[in-house]
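Participant: Numbering-wise (our numbering), the sequence shown opens with residue 1 and increments by one.
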Amino acid sequence: MRRLFATSAAGLAAVVCAAGSHAADVQPTVRGPVSAVAGRTVAFHARGFRPGSNLSLIVSPADKGSCCSVRITATFVASPSGAAALTFTLPLRYFSCATDALAHTRCRKVAWKRGEGAVLTVSGYLQQASATTVIAR
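And the structure:
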């Protein structure tokens, strides 16, 4: 009985690894324009995501830590080929949040600056990819 269980477990592990190898081979990517204008429509293209995955978008300044970002509220779904056209209006501002000594979080809106790098992070089911663009004006 133990031998049968061990053999079945090894076989199952092999099947799981084989099934997951395709997903591991194809890494998601995001590509977009070199520059973008805040308040205007921008288009990025995602590939390599799991088909049917809901994709979430967050834009953050490239030179800031985890303090700052803005979520894109539009909904995107990866096609059967794992691709998605990500067209949205780049927000005029992002949120900059800080926590004080009493653990109160305070956020303020900050306008993008010309020449500032903006990172678009696209997240799907257990997958993530990003692309960087520069704010033109």
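The beta carbon of each residue, even a glycine, is placed where N, CA and C say it ideally should be.
In this text the structure is predicted, and so the values were computed from the model without any measurement.
(1) Hey, Gly117 and Pro33 are a contact pair by Cβ (cut 8 Å); roughly how many whole angstroms apart?
(2) Any idea which residues DSSP pairs Leu86 with across the strands?
(3) Who are the near neighbours of Arg71 in its chain, counting only those whose CB is closer than 6 Å to its CB and skipping five residues on each side?
(4) Return the chain-ordered list of same chain residues with a C-beta closer than 7 Å to the C-beta of Thr87, the five sequence neighbours on each side being excluded.
(5) Exposed or buried, which one is Ala74 when buried takes at least 16 other CB atoms within 10 Å?
(6) For the beta strand (DSSP E) containing Pro61, list its first residue and its last residue.
(7) What residues are listed by DSSP as bridge partners for Gln127?
(8) Tyr94: buried (16+ other C-beta within 10 angstroms of its C-beta) or exposed?
(9) Which class does Arg71 belong to by DSSP, given the choice of helix, strand or coil?
(10) Taking 7 Å as the cut-off, does the CB of Ala38 come closer than this to any heavy atom belonging to the ligand PLP?
Facilitator: In short:
(1) Taking the sequence shown and counting its residues from 1, one reaches residue 117 at position 117. Taking the sequence shown and counting its residues from 1, one reaches residue 33 at position 33. Contact doesn't hold; Cβ gap of about 13 Å is too wide.
(2) For the purposes of this step, residue 86 is taken as residue 86 along the sequence shown, with counting starting at 1. For Leu86, which the question treats as bridged, DSSP gives the partners Phe44.
(3) Start at 1 with the first residue of the sequence shown, and residue 71 comes out as number 71. Cβ-Cβ distances below 6 Å link Arg71 to Ile58 in the same chain, with the five nearest sequence neighbours on each side left out; the list follows chain order.
(4) Stepping through the sequence shown from its first residue, residue 87 is reached at position 87. Taking C-beta separations shorter than 7 Å and ignoring five residues to either side along the sequence, the partners of Thr87 in its chain run Thr41 and Ala43, following chain order.
(5) Position 74 of the sequence shown, counted from the first residue, corresponds to residue 74. Answer is exposed; the Cβ neighbour count stays below 16.
(6) As a working note, residue 61 is residue 61 in the sequence shown. Its beta strand (DSSP E) spans residues Asn54 to Pro61.
(7) Walking along the sequence shown from the start, residue 127 turns up at place 127. Gln127 pairs with Gly124.
(8) In the sequence shown, counting from the first residue as 1, residue 94 sits at position 94. Classified as buried, Tyr94 has 16 or more neighbouring CB atoms from the shown chains inside 10 Å of its CB.
(9) Start at 1 with the first residue of the sequence shown, and residue 71 comes out as number 71. In the structure shown, Arg71 sits in a strand (DSSP, three-state: E or B).
(10) As presented, the structure is devoid of all ligands, the ligand PLP included, so that no description of it is given.
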